[in-house]
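**Student:** Below is one structure. I have some questions about it.
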Amino acid sequence: MLLYILLRRYRVSLLTSSLSAFFLLITNANFAVWPKVNHFALMVLLISLTLAAIPKSWAQGFMVLAFGCLVASYVRPEMYYAFGICFVISTVLTLFRERTLMNATALTSLALIAVAVGMYVGYPLGASQRSLMAFGQHFSLNWQAWTNDTSLSPWTDWQQILRMNFGQVSSIGQAALNNPAVFAHHVVTNAVNLPGLLVSTFALHATVFLPFHMRSIEPYILLALAVGGLLVGRKAIWPRLRVAMRTEKRFLLLVCAVCSVSLVTCLVIYPRAHYILIPGSLLFAVLAVLLDPFKDRHVRWPHAMVIALVIVAITPSVVNLVGPLPRPQPTLNAIQFIRTL
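Add 981 to the 1-based position in the sequence shown for the working numbering, that's all there is to it.
Following this line, the structure appears as structure tokens:
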């Protein structure tokens, strides 16, 4: 719902907004990704991006997003960096482009809120040991893949693996300084794995048009339809894309401020699905804004109601997610069935 509202706020057509929100609803990014606190952080950011479009002032727009990133940082600590980026951008805009009393007051209030919350609740980046643990465990996963050494567990022996490669370290930055070559190898490995994991997180979805046993085929069918649609409508879409790159520059910069931090996290730590959730969803929104194929089509309310009813009608059930459930069996058959698994 929040993605739909965001896209409508940025003048995406009703049909594209509906289909985009529905597709995000049924993807693995929604159903299969845990922990769900990442979805809560995404909700906060979607609300913030929607509200950031209301003020005409760019500085105020970045302040709204900065506040949203501050809230989200108590769910995903790396969002505190995004808060810093948005705060710096709004400060520069206030000092050099939009010198108004309202902007100065809002910026000062935002700074005071961040300091007060940090003093009484704690600063999100204060949990450096948790960050080191996340880096150590995921570096160990890559190290195990490089060396094929299964004598050590990446989850329980990560400290030993970290000492073997970086020595005694207390932060990610110190690890990068102690052994830049191995750290760069880790980052490059994550960069190579990122596109595949991004596709598997967002392309795989509950079956809508095909039976469950053909679930793996449906993403390719939809991809072929999307590519075919872009090729057929390229004469109308590409000029619109160039116009959208100019008219939606503010939205693109707002998304970049958030996604840049999330993508760095994926490269430095690991491109796990719950790290990919936020940048993948926002990049999905960017594609909808820039490549809206129904931009010039006006949909009346009766048509909108039909679209809504169709989406509700084809929303997948649990069978589309996990396949047919086993039929009830007598106790002995049930025991034998379990043993065969």
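We put the beta carbon where it would ideally sit given N, CA and C, even for glycine.
1. Per DSSP, Ser-1008 forms a beta bridge with which residues?
2. Could you spell out the range, first to last residue, of the alpha helix (DSSP H) harbouring Ser-1197?
3. Could you tell me whether the region 1245–1263 touches the region 1016–1034, where touching means 3 or more Cβ pairs closer than 8 Å?
4. Can you give me the C-alpha to C-alpha distance between Asp-1130 and Trp-1139, rounded to a whole angstrom?
5. Where do the ends of the alpha helix (DSSP H) carrying Lys-1216 lie?
6. Is His-1279 helix, strand or coil when you go by DSSP?
7. Nearer than 7 Å: is that true of the beta carbon of Val-1163 relative to any heavy atom of the ligand ATP?
8. With a cut-off of 8 Å, do at least 3 Cβ pairs link the region 996–1007 to the region 1278–1293?
9. Please state whether the Cβ-Cβ distance between Phe-1113 and Ser-1151 is less than 8 Å.
10. How many angstroms separate the CA atom of Lys-1276 from the CA atom of Arg-1221?
11. Taking the alpha-carbon positions, what's the Met-1100 to Leu-1051 distance?
12. For my contact list, Asn-1146 and Trp-1124 are in at a C-beta cut-off of 8 Å; report their separation, rounded to the angstrom.
13. Taking the alpha-carbon positions, what's the Leu-1032 to Thr-1086 distance?
14. Would you check if the distance between the CB atom of Gln-1155 and the CB atom of Pro-1135 is smaller than 8 Å?
15. Beta-carbon within less than 8 Å of Val-1163's beta-carbon, same chain only, minus the 5 sequence neighbours each way: which residues are those?
16. In whole angstroms, what separates the C-alpha of Pro-1192 from that of Phe-1004?
17. So what's Asn-1159 in DSSP terms, helix, strand or just coil?
18. Applying the 10 Å Cβ sphere with the 16-neighbour rule, what's the burial state of Arg-1057?
19. Is it right to say Pro-1176 is buried, meaning 16 or more other beta carbons lie within 10 angstroms of its own, or is it exposed?
20. In chain order, what residues of the same chain lie with their CB nearer than 6 Å to the CB of His-1167, ignoring the 5 residues before and after it?
21. Does Val-1102 come out as helix, strand or coil in the three-state DSSP assignment?
22. Considering only residues of the same chain and omitting the five flanking positions on each side of Pro-1105, which have a CB-CB separation below 7 Å?
23. Less than 7 Å between C-beta atoms, sequence neighbours within five positions excluded: which residues of the same chain meet that for Gly-1049?
24. Where does Pro-1260 fall in DSSP's three states?
25. Measure the alpha-carbon distance for Pro-1252 versus Val-1169 and round it to whole angstroms.
26. Between Arg-1231 and Trp-1039, what straight-line distance do the alpha-carbon atoms span, to the nearest angstrom?
27. Is it the case that the Cβ atoms of Ala-1047 and Leu-1091 are separated by a distance below 8 Å?
28. Can you give me the start and stop residues for the alpha helix (DSSP H) that Asn-1314 sits inside?
**Tutor:** Straight from the coordinates:
1. It is Thr, not Ser, that sits at residue 1008 in the sequence shown. Its beta-bridge partners are His-1186.
2. That residue, Ser-1197, is in no alpha helix (DSSP H); it is neither H nor E in DSSP.
3. yes
4. 13 Å
5. 1215–1228
6. coil
7. With respect to small molecules bound, the structure shown includes none, and the ligand ATP cannot be examined in it.
8. yes
9. In the sequence as displayed, the identity of residue 1113 is Leu instead of Phe. Yes. Within cutoff.
10. 9 Å
11. 14 Å
12. 7 Å
13. 19 Å
14. no
15. Asn-1146 and Phe-1147
16. 17 Å
17. helix
18. buried
19. exposed
20. Phe-1120 and Asn-1123
21. coil
22. Ser-1054, Tyr-1055, Pro-1058 and Tyr-1061
23. Val-1025, Leu-1026, Ile-1028 and Ser-1029
24. helix
25. 11 Å
26. 7 Å
27. yes
28. 1312–1320
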